[in-house]
Amino acid sequence: MNAKTIRLTMAQALVRYLAALQVDTADGQAPLFGGVFAIFGHGNVAGLGEALYQHREQLPTYRAHNEQAMAHAAIAYAKTNMRRRMMAVTSSIGPGATNLLTAAALAHVNRLPVLLLPGDIFVSRRPDPVLQQVENFQDGGVSANDAFKPLSRYFDRICYPEQLLTALPRAIQVLTDAAECGPVTLALPQDVQAMAYDYPVEFFSPQTVRFRARGPAADELQEALALLKNARQPLIVAGGGVLYGEATEALRAFAEKHAVPVAETQAGKSALAWRHPLQLGALGVTGSPAANALAQKADVVIAVGTRLQDFTTGSHSLFGQAKLLSINVNAVDAMKWQGTPMLSDARLGLAALSQGLQDWRSSTGWHALALEQANSWRATVDKITGQREIEAPALPYDGEVIGAVQRSSIDSTVHDIVVCAAGTLPAELHKLWRTSTPGGYHVEYGYSCMGYEIAGALGVKLAQPDRDVIVMVGDGSYLMMNSEIATSVMLDKKLIIVVLDNRGYGCINRLQQACGGAPFNNMLEDCLQGPQGAPAIDFAAHARSLGALAENVKTIAQLEAALQRARAADRTYLVCIDTDPARTTEDGGCWWEVAVPEVSERPQVQAARAEYEQARHSQKV
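Residue numbering for the sequence shown is 0 to 620, as defined by numbering that gives the first Met the number 0.
Next up, the structure:
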């Protein structure tokens, strides 16, 4: 080794580079990578495992119990850090790698950074077919990791150690780019991991990663101003880009100065404090009546940092005749619906618009209507979540459980972070959860991935160890993935888990019947069963077997008492309560396109098809 190079294996060089990266935060400089989640196997333990051991102080390695779950935790860590800090994930080849595919898709859809480092087959091919190798009879260079290509924002297979010199900077650029952000996959052949190369020493010099904020182009800004100055009934749709762009204060200032009400997507919820007078609440299929009513009447919709997913737009039926202005860093998102695009960071875009609009405000009548509707909805939320007495044999439903969770904290709107992902709960939480803190609502609904909840909550807790992290999860999602309860206990990262047991997939069961179908294969009682029948699952006993504290309760009063014990406990605590699978919050919501069979012998399906065809007439194409 001479003075300007250092001889390292490819794996050692990769880890050293990641460990050197820094980022500026509100609390000073911090490592860009908060650590690496790893499950070792023959494809990564000898190469990358040895390198991680050398740097375990600078770059902590966390062991998990499921590859998909550990990637969910890493993604949630990045989301909680508003994409300013992130984690890497490594698995062996074969099933370890393919278990990461679901998480890669989730990160891709949600525009969240995660560095995936799956082991790969031998580049030399000397031992082919190696254990767990997927042999492709048409292409000898294909491995199971090629499945990551459509799910990654950037993919590379490191076939020579020196390729890191170009691959790693490209990977970091994508991971930290506001528009391109998403999963990056670097496939690591196990023989190349162990190969050595004389790397330039300066390659490992500490670097501070900068996050660039792009302001609007002058011509697009002028076009946006012209559109807004003629508007009398504007509505802001706040998406996840408001949070990731650190634009919550700019949003509040814009709304107040120009008297524009705000509705929130799933990703954007918590961008504006729940008690703000112009906060209309959730928008779309899972939206509040206030937000959806004004969306139908708006003449201009200002979509800020949202990809305009079908749940937000009511499958393109919600915004009536409104003109669309899209402020987004991503050109693909900004061009949707043939609206007026303004490619810009949310914070800079809102500030530039506000300056250009000067004293322009929405009409007096529109402002008054927004204040009235927002206040009315807050009163409805108080009534729903304040319900405590449910007479037996009736069971509580999700809205009442949400109220109990929020009452169990002195100020849950500031201190709690709720985590959820799929089923009925995202709809109820989107409407009813109240938070005053950006990031206090952490629901993965871009991919709506069952099983994200507990693993994601672990990542949230790693990012925010001083906040209470509340997992709200249905029995179906819990059964899909719960192994990281054990990891949370091992790492001393306490979670509070509330399991709502409705004995099946209640959400899809209701959708099935709404489309005219018979109850079938969703609720346990409607499934094919043996002579023993459906199992009676004791979720508390299961959680205790993983090292958590846990109990089952029957009533809202018992739930509130149990939550006090959970908040005072010294480790992860699970509380399970039986809930009604049929009852939901009736207020709000709008049409969502789910294709109903055109031909069926069931009269219920025929009727549902007729309603479906009628509803499609309101779609904006």
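The C-beta atom is built at its ideal place from N, Cα and C for all residues, glycine as well.
Note that the structure is predicted; figures quoted are calculated from it, not measured.
Per DSSP, which one or two residues make a beta bridge with C419?
Taking the sequence shown and counting its residues from 1, the one referred to as residue 419 is at position 420. In DSSP, C419 forms a bridge with V442.
Span of the beta strand (DSSP E) around R82
Here residue 82 refers to the residue found at position 83 when the sequence shown is read from its first residue. Segment: none, R82 is in no beta strand (DSSP E) and carries neither H nor E.
Are the beta-carbon atoms belonging to A246 and A262 less than 9 Å from one another?
Taking the sequence shown and counting its residues from 1, one reaches residue 246 at position 247. Taking the sequence shown and counting its residues from 1, one reaches residue 262 at position 263. No, Cβ-Cβ distance for A246 and A262 is not below 9 Å.
Option nearest G450 by Cα separation, candidates C419, A462 and A19
Here residue 450 refers to the residue found at position 451 when the sequence shown is read from its first residue. If we check each option's Cα against that of G450, C419 comes out closest.
Does the Cβ-Cβ distance between L545 and V472 come in under 9 Å?
By 1-based counting over the sequence shown, the position of residue 545 is 546. By 1-based counting over the sequence shown, the position of residue 472 is 473. At a Cβ-Cβ threshold of 9 Å, L545 and V472 do not count as neighbours.
Return the chain-ordered ranges of every alpha helix (DSSP H) run that is complete within the segment 303-370 and spans a minimum of 4 residues.
309-312, 330-333 and 345-356, all fully within the segment 303-370.
Are there 16 or more other CB atoms within 10 angstroms of the CB of I469, so buried, or fewer, so exposed?
The residue given as residue 469 occupies position 470 in the sequence shown. Around the CB of I469, 16 or more other CB atoms lie within 10 Å, so the residue is classed as buried.
Whole angstroms is fine: what's the gap from H107's alpha carbon to D155's?
As a working mapping, residue 107 is identified with position 108 in the sequence shown. As a working mapping, residue 155 is identified with position 156 in the sequence shown. Looking at the two C-alpha atoms, the distance is approximately 16 Å.
Can you tell me whether D415 is buried or exposed? The criterion is at least 16 other CB atoms within 10 Å of its CB, across all chains shown.
The sequence position of residue 415 within the sequence shown is 416, counting from 1. In summary, D415 is buried, with 16 or more beta-carbon neighbours lying within 10 Å of its beta-carbon over all protein chains present.
So what's F154 in DSSP terms, helix, strand or just coil?
Residue mapping note: residue 154 aligns to position 155 of the sequence shown, counting from 1. For F154, the three-state secondary structure derived from DSSP is strand.
Exposed or buried, F36, counting other C-beta atoms within 10 Å across all chains shown (16 or more means buried)?
As a working note, residue 36 is residue 37 in the sequence shown. F36 is buried by the Cβ-count criterion.
Cβ-based neighbour list, V268, same chain, cut-off 7 Å, excluding 5 preceding and 5 following
Position 269 of the sequence shown holds residue 268. The sequence shown places Lys at residue 268, rather than the Val named in the question. Counting only residues of its own chain and dropping the five nearest sequence neighbours on each side, K268 has a CB closer than 7 Å to the CB of A281, H429 and Y440.
Determine, using beta carbons only, whether V604 and L510 come nearer to each other than 9 Å.
Indexing the sequence shown from 1 puts residue 604 at position 605. Indexing the sequence shown from 1 puts residue 510 at position 511. At a Cβ-Cβ threshold of 9 Å, V604 and L510 do not count as neighbours.
In whole angstroms, what separates the C-alpha of L111 from that of S314?
For this step, residue 111 is matched to residue 112 along the sequence shown. For this step, residue 314 is matched to residue 315 along the sequence shown. Going from the Cα of L111 to the Cα of S314 covers about 24 Å.
Counting pairs of Cβ atoms below 8 Å between the segment 456-463 and the segment 381-398, do you hit three or more?
No, the segment 456-463 does not touch the segment 381-398.
If you run the structure through DSSP and keep just helix, strand and coil, what is V259?
Against the sequence shown, residue 259 aligns to sequence position 260. If DSSP states are grouped into helix, strand and coil, V259 belongs with coil.
If you run the structure through DSSP and keep just helix, strand and coil, what is L99?
Along the sequence shown, one-based indexing puts residue 99 at 100. In the structure shown, L99 sits in coil (DSSP, three-state: anything other than H, G, I, E or B).
What residues in its chain sit with their C-beta under 8 Å from that of A621, if we drop five residues either side in the sequence?
Look at the range of the chain in this structure, 0 to 620, and you will see that residue 621 is not part of it.
Determine the direct distance from the alpha carbon of G348 to that of H257, and round the result to whole angstroms.
Your numbering for residue 257 matches position 258 in the sequence shown. Your numbering for residue 348 matches position 349 in the sequence shown. Taking the straight line joining both Cα atoms gives about 15 Å.
Would L490 and Y61 qualify as a contact pair, given that the criterion is a beta-carbon distance under 9 Å?
Within the sequence shown, the letter at position 491 stands for residue 490. Within the sequence shown, the letter at position 62 stands for residue 61. The Cβ atoms of L490 and Y61 lie closer than 9 Å to each other.
Considering only their Cβ atoms, is the gap separating N109 from G445 smaller than 9 Å?
As a first step, residue 445 must be located in the sequence shown, where it is residue number 446. As a first step, residue 109 must be located in the sequence shown, where it is residue number 110. Contact: yes.
Assigned exposure category for E56 - 16 Cβ within 10 Å defines buried
Translated into the one-based positions of the sequence shown, residue 56 becomes position 57. Exposed, because fewer than 16 other Cβ atoms sit within 10 Å of the Cβ of E56.
Return the chain-ordered ranges of every beta strand (DSSP E) run that is complete within the segment 520-552 and spans a minimum of 3 residues.
Segments of the beta strand (DSSP E) lying fully in the segment 520-552: 548-552.
Simplified DSSP state of D298, which is helix, strand or coil:
Counting from 1 along the sequence shown, the entry for residue 298 is found at position 299. D298 falls in the coil class under three-state DSSP.
Quick check on the burial criterion: 16 or more other C-beta atoms within 10 angstroms. Buried or exposed for L100?
As a working mapping, residue 100 is identified with position 101 in the sequence shown. Counting of Cβ neighbours within 10 angstroms places L100 among the buried residues, the total reaching 16 or more.
In chain order, what residues of the same chain have a beta carbon less than 8 Å from the beta carbon of L250, not counting five sequence neighbours either side?
On the sequence shown, residue 250 is found 251 positions in, with the first residue counted as 1. Counting only residues of its own chain and dropping the five nearest sequence neighbours on each side, L250 has a CB closer than 8 Å to the CB of I235, A237, V241, V261, A270, L271, V303, A345 and L349.
Does the count of Cβ pairs from the segment 76-95 and the segment 40-52 closer than 8 Å reach three?
The segment 76-95 makes contact with the segment 40-52: 3 or more CB pairs, one atom from each, lie closer than 8 Å.
Taking C-alpha atoms, which residue in A73, P168 and D474 lies nearest to Y16?
Mapped onto the sequence shown, residue 16 falls at position 17. Minimum Cα distance to Y16 is reached at P168.
Check for me: the alpha helix (DSSP H) holding P168 runs from which residue to which?
Taking the sequence shown and counting its residues from 1, the one referred to as residue 168 is at position 169. Per DSSP, P168 belongs to the alpha helix (DSSP H) from L163 to L174.
Proximity below 9 Å, CB of L143 to CB of V129:
The count along the sequence shown starts at 1 and reaches residue 143 at position 144. The count along the sequence shown starts at 1 and reaches residue 129 at position 130. Residue 143 is actually Ala in this sequence, not Leu. No, Cβ-Cβ distance for A143 and V129 is not below 9 Å.
Given this structure, state the Cα-to-Cα distance separating M201 from E161, to the nearest angstrom.
Within the sequence shown, residue 201 is the residue found at index 202, counting from 1. Within the sequence shown, residue 161 is the residue found at index 162, counting from 1. Just to set this straight, residue 201 is Glu in the shown sequence, not Met. Straight-line spacing of the CA atoms in E201 and E161 works out to 14 Å.
Three CB pairs or more closer than 8 Å across the segment 113-131 and the segment 180-199
Output reads yes: the segment 180-199 touches the segment 113-131.
For Y396, is the classification buried or exposed, using 16 other Cβ atoms within 10 angstroms of its Cβ as the cut-off for buried?
Position 397 of the sequence shown, counted from the start, is the residue given in the question as residue 396. Its Cβ being crowded by 16 or more others within 10 Å, Y396 is buried.
Under 9 Å, do M85 and A73 count as touching if we go by C-beta distance?
Position 86 of the sequence shown, counted from the start, is the residue given in the question as residue 85. Position 74 of the sequence shown, counted from the start, is the residue given in the question as residue 73. In contact: M85 and A73 (Cβ atoms closer than 9 Å).
According to DSSP, simplified to helix, strand and coil, what is S90?
As a first step, residue 90 must be located in the sequence shown, where it is residue number 91. It is a strand residue.
Would you tell me roughly how many angstroms separate the C-alpha atoms of D127 and G529, rounded to the nearest one?
Numbered from its first residue, the sequence shown carries residue 127 at position 128. Numbered from its first residue, the sequence shown carries residue 529 at position 530. Their backbone Cα atoms lie some 44 Å apart in a straight line.
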